[in-house]
Amino acid sequence: MLILPAIDLKDGKVVRLFKGDYQKETIYALDAVEIASYYEKIGADFLHLVDLNGAKEGCRINQKTIASIREHTQLPIELGGGIRDKETIAFYLEKLKIDRIILGTVALKNKPLLKEALQLYGAERIVVGVDIKDGCVATEGWLDTSKVDYLTFLKELEGLRVRYVVVTDISKDGTLSGPNFELYEKIRQETQLKVIVSGGISCKEDVYQVKDNYGCIIGKAFYDGKIDLEEVIACLKKESFPV
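The sequence shown begins at 51 in the working numbering and counts up one residue at a time.
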């Protein structure tokens, strides 16, 4: 399983939200480039970048910070948040050389664009973010909830030859209460998608419990000192899981 440390950006700052609520943010006094370099140093597999301004407002306020992170680290980067048109997709994949992008809202609302992106860039560079609230898919930076059942949507994505999905249980995100283990197990049983677990990781035991998935995003647990990320990465690479 890959470990993907998270950097969530809002107005150029490193932040974390509680259950996706923009009114409940924690700002961390950290330099985004320095923390990305640290993640690279300790052996992280991928950097999970989220543009919160983009997710909420569809703008690229954080593009300079994102470009600086790309310039100063060799760590592969996946980026999500407000990527909703061909121009923005091309900007990040072609100009900034981001390794892969995450499509969320448009994957549900604009299937032709998702299909075109997959054809142009391939399934290795186009990830779909599936954010779940009360069993349905949420969009627009988690501000809106559709009536689309999450499992139905995942199977539809599989039919479109999507390979990677970031699956977030919004009720768990930023809570340090543990991920929705049953949700991820059900997805593993029902689909062949490569699932990146997102939301609720609180300790190393949580990480080890989801190790049968493709990847795991770690954010607040690291920033709040609840998890020794270097230790977890080393244990996963050795396939040794102390409790």
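Using N, Cα and C, we set each Cβ at its ideal position, and we do this for glycine too.
Computed from a prediction, not measured in an experiment: that's the story for all the values here.
When only Cα atoms are considered, residue 282 and residue 257 end up about 8 Å apart. The Cβ atoms of residue 179 and residue 138 lie no closer than 9 Å to each other. A contact is defined here as three or more CB-CB pairs under 8 Å, and the region 269-283 fails this definition with respect to the region 124-140.
Between residue 59 and residue 86 a beta carbon distance of about 11 Å is seen, past the 8 Å cut, so the two are scored as non-contacting. In the three-state reduction of the DSSP assignment, residue 138 falls in the helix class, which pools H, G and I. Excluding sequence positions up to five before and after residue 120, its CB lies within less than 7 Å of the CB of 127, 146, 147 and 148, all in the same chain and listed in chain order. Shown here, residue 238 sits in a helix according to DSSP, grouped into three states. Looking from the CA of residue 276, the closest CA among 166, 226, 201 and 176 belongs to 226. The residue among 111, 125, 116 and 207 with its C-alpha nearest the C-alpha of residue 53 is 125. Residue nearest to residue 271 within the set 100, 252 and 261 is 252 (criterion: CA-CA distance). Per DSSP, the beta bridge partners of residue 214 are 244. Minimum Cα-Cα distance from residue 255 among the listed residues 144, 228 and 183 corresponds to 228.
Straight-line spacing of the CA atoms in residue 171 and residue 104 works out to 21 Å. Between residue 212 and residue 157, the gap from beta carbon to beta carbon is short of 9 Å. Across the set 150, 239, 208 and 202, the C-alpha of 239 shows the shortest separation from the C-alpha of residue 263. Comparing alpha carbon positions, the residue from 287, 279, 151 and 290 closest to residue 89 is 279. In the DSSP assignment, residue 165 falls outside any beta strand (DSSP E) and within the unbroken alpha helix (DSSP H) covering 161-171.
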